[in-house]
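Asker: Would you mind keeping the following structure in view while I ask a few things?
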Amino acid sequence: MSLPSTAAPPLPWPRALPALRRAAPVLPVVAIVALLGLPVAPDSTATPADAVSGLVVLWAVVHTARQARRPLTRTAAVVLGLPVVGLAVAAGGAVTPADALTGLARYLQVFVLVPVAVVLLVRDRRDARLLLWSLVGLALWEGAVGVHQYLTGTGASYQGADIRAVGTFGPADVMGMATAVAFGLVAAVGLALGARQRRQRVVAGACALALLLPLVASFSRGAWIATAVACGAQLLTAGARRAGRTVAAAVAVGVVLVGGFGVGAAVLQERLTSITRIADAPDQSVVDRYSLWVAATDMWRGHPVTGVGLKAFPAHRDGHASLALSSGSDTDAAGWGFRRRPLLTPHNMYLLVLSEQGLLGVVTVVGGWLALLVCAAGRLRRAGRGRDCAVAACGLLLWQYVDFLYADIGGPSTVLTGVCLGAGAWWALAREATTGGAAQAGPR
47 MSLPSTAAPP LPWPRALPAL RRAAPVLPVV AIVALLGLPV APDSTATPAD
97 AVSGLVVLWA VVHTARQARR PLTRTAAVVL GLPVVGLAVA AGGAVTPADA
147 LTGLARYLQV FVLVPVAVVL LVRDRRDARL LLWSLVGLAL WEGAVGVHQY
197 LTGTGASYQG ADIRAVGTFG PADVMGMATA VAFGLVAAVG LALGARQRRQ
247 RVVAGACALA LLLPLVASFS RGAWIATAVA CGAQLLTAGA RRAGRTVAAA
297 VAVGVVLVGG FGVGAAVLQE RLTSITRIAD APDQSVVDRY SLWVAATDMW
347 RGHPVTGVGL KAFPAHRDGH ASLALSSGSD TDAAGWGFRR RPLLTPHNMY
397 LLVLSEQGLL GVVTVVGGWL ALLVCAAGRL RRAGRGRDCA VAACGLLLWQ
447 YVDFLYADIG GPSTVLTGVC LGAGAWWALA REATTGGAAQ AGPR
């Protein structure tokens, strides 16, 4: 008589080892995204994600050297390296050597080094999808934290109530959660619209709809506008019928949330109407923003070619700003305390580049961004099975460029900009993006 076998079932984790081994090169980039979900310490100037981004750049160099292949195409090297010229010249005009070093390091991190590392480490469409899903995961986490803050009144202060969703980034970076959620929403829309598998379409579409509430609860007008433009452009690539169904679903979710459950209807309406209320009784934040924009353009007129220098905007601000500009912005939140923060940038990335780097910076930095978008859009027709990656990457680039009209770099979430620019640069410039295969050895 034989006894029944009592052998334990095989553990599932050995089956995952081949997948982890195959994805190993891109996992450090995913780690940057994951670390952005950690709570940010008050008044911190650097985060674990910033530190890991430096290690990822080194890992990209080592990994590429081990592959014994030419790391970038000539076009990629020119487009991604072009900002270095303007940044190096602008660093020479900084007020102090410390400003030159810190400004140059930050710009290179966000606009050159991290994007290049992403291009080198994302080898094919599977790696790109893994990175895009990590953006969706971060957005869902930050969105869940933000919705909890809104419902429990533990977020940042807005009109006297602690209801503004800021996620783990804290009230010092009120755009942090909005940026993370918007990137995840745009990535999810791209993954849904371009997917061949029904399962991916359903899951990505559900994630996109779920992210609408935390995006609304962020009360970030710039993020709303950029998301509407980016997602609208993505929908246009999917055809009128699918675009109509998607818009109808989004409108239905909005009606249920705002109309059915009364989720911040009055506050939301006031925030929406403030977008167009520029000349007729604008709020102080709008007055400050346009005063800073005027100051930035005045700085450029005085230094049209090379600008006033990296991180020199605060030193020249008061000499060009109008008396309508307030002394700073107020931040407050449950458990945080009231703080007043100086206005150190024009809250417009293009005007920040123009004022601090002049026309040379516009040509090299902004010109590089435009080249990425043109190359990425031009490859849409050859997307094939990677259409989901293509639509998502183009959407991420477009979202960032529109958002730069209302925001600039700064804060704990800044490194996420570099990752998303890298995702867009991979689709725009990497040969593997359209061929679907891993990188081949030899020059290109």
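Going from the sequence shown to our numbering is simple: count from 1 and add 46. By construction, the Cβ of each residue, glycine as well, lies at the ideal position given by its N, Cα and C atoms. Keep in mind it's a predicted model, so treat the numbers as computed, not measured.
1) Does the segment 122-140 touch the segment 176-186, meaning 3 or more C-beta pairs lie closer than 8 Å?
2) Using C-beta distances below 6 Å, list every residue in its chain close to Ala342, excluding the 5 sequence neighbours before and after it, in chain order.
3) For Thr198, count neighbouring C-beta atoms within 10 Å of its own C-beta (all shown protein chains included) and say buried if the count is 16 or more, exposed if not.
4) Starting from Ser331, trace the alpha helix (DSSP H) both ways and give me its first and last residue.
5) Between Asp173 and the rest of its own chain, which residues show a CB-CB distance below 7 Å, the 5 nearest in sequence each way excluded?
6) Does the distance between the C-beta of Trp472 and the nearest non-hydrogen atom of the ligand SAM fall short of 6 Å?
7) By Cβ distance, which residues of its chain are closer than 7 Å to Ala136, with the 5 residues on each side in sequence left out?
8) Can the beta-carbon of Leu177 be found less than 7 Å from the beta-carbon of Ala422?
9) For Ala146, does the count of other Cβ atoms within 10 angstroms reach 16, so buried, or fall short, so exposed?
10) Would you report the Cα separation of Ala87 and Arg427, rounded to the nearest angstrom?
11) Contact check, Ser337 vs Ala367 under 8 Å by CB: the rounded distance?
12) Inspect the CB distances between the segment 100-110 and the segment 159-173 and report whether three or more fall short of 8 Å.
13) Take Phe229 as the anchor and find which of Trp270, Ala95, Leu389 has the nearest alpha-carbon.
14) Would DSSP call Tyr452 helix, strand or coil?
15) For Asp145, does the three-state DSSP call read helix, strand or coil?
16) Terminal residues of the continuous alpha helix (DSSP H) containing Ser203?
17) If you reduce the DSSP assignment to three classes, tell me which class Phe307 lands in.
18) With DSSP run on the structure shown, which of helix, strand or coil describes Asp434?
19) Are the beta-carbon atoms of Ala202 and Pro217 separated by less than 7 Å?
20) At what residue ranges does the segment 161-234 contain a whole run of the beta strand (DSSP E), taking only runs of 3 or more?
21) Figure out for me which residue from Leu443, Gly240, Val220 has the closest Cα to the Cα of Gly456.
22) Which whole runs of the alpha helix (DSSP H) in the segment 93-127 are 4 residues long or more, in chain order?
23) Would you tell me roughly how many angstroms separate the C-alpha atoms of Arg335 and Gly83, rounded to the nearest one?
24) How about Asp434 and Leu237: are their beta carbons less than 7 Å apart?
Answerer: According to the structure shown:
1) Touching, no, given that fewer than three Cβ pairs across the two stretches are closer than 8 Å.
2) Taking Ala342 as the centre and dropping the five residues before and after it, the same chain places the C-beta of Pro392, Leu397, Ser401 closer than 6 Å to its C-beta, in chain order.
3) So Thr198 counts as exposed.
4) Run containing Ser331: 330-348, per the alpha helix (DSSP H) assignment.
5) Once the five neighbours on either side are set aside, the close Cβ partners of Asp173 are Ala69, Val72.
6) As for the ligand SAM, it is missing from this structure, which has no ligand bound.
7) If we look at Ala136 and ignore the five residues flanking it on each side, its Cβ neighbours are Thr352, Gly353, Gly355, Leu356, Glu402, Gln403, Gly407.
8) In terms of Cβ geometry, Leu177 and Ala422 do not form a close pair [threshold 7 Å].
9) That one is buried.
10) So the two alpha carbons sit approximately 45 Å from each other.
11) Contact annotation, Ser337 with Ala367: C-beta distance approximately 5 Å; criterion of less than 8 Å satisfied.
12) They touch, by the three-pair rule.
13) Checked all of Trp270, Ala95, Leu389; the closest Cα to Phe229 is Trp270.
14) Tyr452: coil per DSSP, three-state reduction.
15) In the structure shown, Asp145 sits in a helix (DSSP, three-state: H, G or I).
16) Judged by DSSP secondary structure, Ser203 falls outside any alpha helix (DSSP H) and instead within the beta strand (DSSP E) spanning 202-204.
17) The predicted position of Phe307 is uncertain, since its pLDDT is 45 and thus under 50; a value taken from the coordinates is nonetheless stated next. Three-state result, Phe307: coil.
18) DSSP places Asp434 in the helix class (H, G or I) of the three-state scheme.
19) It is a contact, given that the beta carbons lie within the stated cut-off.
20) The segment 161-234 contains these whole beta strand (DSSP E) runs: 202-204, 207-210.
21) Cα-wise, what sits closest to Gly456 is Val220.
22) Runs of the alpha helix (DSSP H) inside the segment 93-127: 94-113, 120-127.
23) The straight-line gap from Cα to Cα measures roughly 29 Å.
24) Closer than 7 Å, so yes.
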